[in-house]
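Using the UniProt record's numbering, the letters of the sequence shown map in sequence onto residues 1 to 123.
Heads up, the beta-carbon is just placed ideally off N, CA and C, and yes, glycines get one too.
Take a look at the structure set out below.
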Amino acid sequence: MQDKKILVEEFINHCLIAEETPMTGDYKRGNKSNKALLAILEQLKQSSELATDVLDELFLHENPFVLYVCSIYAIVLNYRRADAVKMLEKIAGMEQNMTSFEASIVLEQYESGELFKLYGVSK
């Protein structure tokens, strides 16, 4: 298991790659980053202390896509769920880019319970 600092850096790096993928068309690279993000989620599932430390730091980031993915992971891990929902609502309200649209979809999935099914966790 990696330490907090490395996980935070990797999370941010892979979020930025995933965010730019639709614009660059480099889906091979984007898919690798999405797999890396899912691997980070698995590490966070294994240690609630690590998840708390990593997510708390990520919630302070300024990039909306990083906050978007962080919020999804917080909801899935049942950590600061209310804060995560508020963050997604804020991002969805920006209506400036694809991330806003994606945040609105995740909010719908959260309300319907589909988000939990997608990540294989219970509410």
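Quick one: grab the DSSP three-state call for residue i.
i    : result
S61  : The amino acid occupying residue 61 in the given sequence is His; Ser does not appear at that position. Here H61 sits in coil by DSSP.
N34  : helix
Q43  : helix
Y119 : coil
Rounded C-beta distance between residue i and residue j? I'm assuming under 8 Å.
i   : j    : result
L58 : C70  : 4 Å
E19 : T99  : 7 Å
K4  : D83  : With a Cβ gap of about 19 Å, K4 and D83 do not count as contacting.
L44 : L50  : 6 Å
R80 : L115 : Not a contact, Cβ separation roughly 15 Å.
Roughly how many whole angstroms lie between the Cα atoms of residue i and residue j?
i    : j    : result
G93  : I6   : 31 Å
V8   : L77  : 16 Å
E108 : L37  : 22 Å
P22  : K123 : 31 Å
Q46  : I75  : 16 Å
P64  : G113 : 23 Å
K35  : E95  : 27 Å
Taking Cβ positions, are residue i and residue j nearer each other than 8 Å?
i           : j   : result
residue 138 : I17 : Outside the modelled stretch of the chain, which goes from 1 to 123, sits residue 138, for which no answer is possible.
residue 143 : Y68 : There is no way to answer for residue 143, as the model of the chain reaches only from 1 to 123.
Y119        : V85 : no
Residue i: beta carbon under 7 Å from a heavy atom of the ligand NAD?
i   : result
I72 : For the structure depicted, the ligand NAD is absent and the ligand set is empty, with no information on it obtainable.
Quiz prompt | Minimum length 4: unbroken alpha helix (DSSP H) runs contained in the region 49-113 | solution = 64-76, 81-94, 98-112
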